[in-house]
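Residue numbers (the numbering used here): 5 to 90. Right, one structure below, let's go through it.
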Amino acid sequence: MLVLGIDEAGRGPVIGDMFIVGLIVDEGSLSHLRSLGVKDSKSLTPKAREDLLTDIVVYARFIVVTRVTPDEIDRISLNTLFRDRV
């Protein structure tokens with residue numbers, strides 16, 4: 005079975021651009037990534053996120069990264085942005 009994970013960072017005109025990442029992994033890879041500490045990016049230090057990047061890229065079947073500007077955030081609902089961008 006394949007699993008889709010989506011996470012975002014940043015949000016709103018004060019913070020600047022928001023980045024949305026979606027990735028697909030198979031269940032076995034997900035278990036392995038979790039054992040390495042992959043979880044909500046906001047709960048990880050920048051160093052931990054950087055250290056996990058290679059493993060995530062190796063085990064992911066598909067990855068999409070999209071940038072959303074503050075103007076888009078103000079004009080378009082977050083649900084629509086997630087649906088259309090990931």
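Note that CB positions come from ideal geometry on N, CA and C, so glycine has one too.
Nonlocal neighbours in the same chain, by C-beta distance under 7 Å from Leu-56, ignoring five residues either side: Along the sequence shown, one-based indexing puts residue 56 at 52. Counting only Cβ-Cβ distances below 7 Å, and skipping sequence neighbours, we find Leu-40, Gly-41 and Val-42.
On the three-pair Cβ rule with 8 Å, is the segment 44-53 touching the segment 64-71? Taking one beta carbon from each stretch, the segment 44-53 and the segment 64-71 have fewer than 3 pairs nearer than 8 Å; the two do not touch.
Supposed close pair Leu-37, Val-7 - CB separation, criterion 8 Å: Residue 37 sits at position 33 when you count from the first residue of the sequence shown. Residue 7 sits at position 3 when you count from the first residue of the sequence shown. Contact doesn't hold; Cβ gap of about 10 Å is too wide.
Among the residues of its own chain, which have a CB less than 6 Å from the CB of Ile-10, if the five just before and after it don't count? As a working note, residue 10 is residue 6 in the sequence shown. The beta carbon of Ile-10 lies closer than 6 Å to those of Gly-26 and Val-90 in the same chain, with the five residues before and after it left out.
Excluding five sequence neighbours on each side, which residues of the same chain lie with their C-beta closer than 6 Å to the C-beta of Met-5? If you number the sequence shown from 1, residue 5 lands on position 1. Beyond the five residues adjoining it in sequence on each side, Met-5 comes within less than 6 Å, by CB distance, of Glu-31 in the same chain, given in chain order.
Considering only C-alpha positions, which residue in the set Ile-77, Ser-47 and Val-29 is nearest to Ile-60? Here residue 60 refers to the residue found at position 56 of the sequence shown. Each of Ile-77, Ser-47 and Val-29 was checked against the Cα of Ile-60, and the nearest Cα belongs to Val-29.
Coarse secondary structure for Leu-92, derived from DSSP in three states: A query on residue 92 cannot be resolved here, the shown segment of the chain reaching from 5 to 90 and no further.
Minimum C-alpha distance to Asn-83 - residue among Leu-48, Gly-20 and Ile-24: Residue mapping note: residue 83 aligns to position 79 of the sequence shown, counting from 1. For Asn-83, the nearest C-alpha among the options comes from Ile-24.
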